[in-house]
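So the structure is just underneath, and the comments pick up after that.
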Amino acid sequence: MPTARGFAGAAVAGGKIYVIGGYDGKEALAVNEEYLPERDTWSRRAPLPAGR
């Protein structure tokens with residue numbers, strides 16, 4: 001996962017894993033990242049409107 005964080009939300013849909021928001025020790029994050037297991041790759045998706 002490119003962005004280190006805790007307290008993130010996660011979901012699985014269509015064989016992909018999404019890790020959304022979280023806290024990096026300084027601030028709430030609006031980051032949304034998608035993992036493709038069959039390719040072992042992460043990519044950034046549209047961010048949240050505000051950090052959560």
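Residue 1 is where the sequence shown starts when you use the working numbering, and the numbers rise one by one after that. Think of the CB as a built atom: it goes at the ideal place given N, C-alpha and C, for glycine as much as any other residue.
**Request:** Check Lys16 in the structure and name its three-state DSSP category.
**Result:** strand
**Item:** Environment of Glu38 [buried if 16+ CB atoms lie within 10 Å]
**Value:** exposed
**Message:** I need the DSSP call for Arg44, collapsed to helix, strand or coil.
**Reply:** strand
**Asked** Which residues does DSSP pair with Leu36 in a beta bridge?
**Response** Thr41
**Message:** Please state whether the Cβ-Cβ distance between Arg9 and Glu27 is less than 8 angstroms.
**Reply:** Before going further, note that residue 9 is Gly rather than Arg in the sequence given. Against a cut-off of 8 angstroms, the Cβ pair of Glu27 and Gly9 comes out as no contact.
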